[in-house]
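Report on the structure given below.
In our numbering, the protein residues as written are 118 to 289.
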């Protein structure tokens, strides 16, 4: 996105809310990776006896909050102290952004410098959450390989009766 100070006010407001949306998106991606990691860890430990149990657990975990997933995964996956601290930090920041951020920062949304500061904060959070999500994705990929699940899922298994969507390329 463009440099904060070069944008007209309306565009800067749009950018602010775009980064808010990205922050929330990366938290949801993190929740998904935690769910995946939790299930793969349980499979590797042999604690899910059937596919039906796996499907049931997956659906239940999709309804869990980020905090619930973080608390549960810590009992099943050996995160380092630094990773645990990162997870807790992102969780607390996520809760602040979603529940209180604009209540406390509303005045900043009315000035260009305030909006620029909010955008910088949301970018930093998005980057932290995104990096953590990629790290968890790597752990999932590693477990997936160790379990010998590579190549076992065909595209039709993942998509059901839906054909794959064509990729659209944006020219910039």
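Note that the Cβ used here is the ideal one computed from N, Cα and C, for glycine as well.
{"Asked": "Nearest CA to the CA of residue 260: which residue from 194, 249, 182 and 174?", "Found": "194"}
{"Asked": "Straight-line CA distance for residue 246 to residue 203?", "Found": "9 Å"}
{"Asked": "So, are the CB atoms of residue 151 and residue 186 less than 7 Å apart?", "Found": "yes"}
{"Asked": "Taking the straight line between their C-alpha atoms, what separation do you get for residue 241 and residue 210?", "Found": "11 Å"}
{"Asked": "Measure the Cβ-Cβ separation of residue 239 and residue 136 and say whether it is below 7 Å.", "Found": "yes"}
{"Asked": "Relative to the C-alpha of residue 244, which candidate in 179, 149, 142 and 181 has its C-alpha closest?", "Found": "142"}
{"Asked": "Quick check on the DSSP output: the alpha helix (DSSP H) that includes residue 127 runs from which residue to which?", "Found": "126-161"}
{"Asked": "What is the DSSP secondary structure of residue 198, counted as helix, strand or coil?", "Found": "helix"}
{"Asked": "State buried or exposed for residue 168, treating a residue as buried only when at least 16 other CB atoms are found within 10 Å of its CB.", "Found": "exposed"}
{"Asked": "Output needed for residue 133: all residues of its chain with C-beta closer than 8 Å, excluding positions within five of it in sequence on either side, in chain order.", "Found": "226, 232, 235, 236 and 239"}
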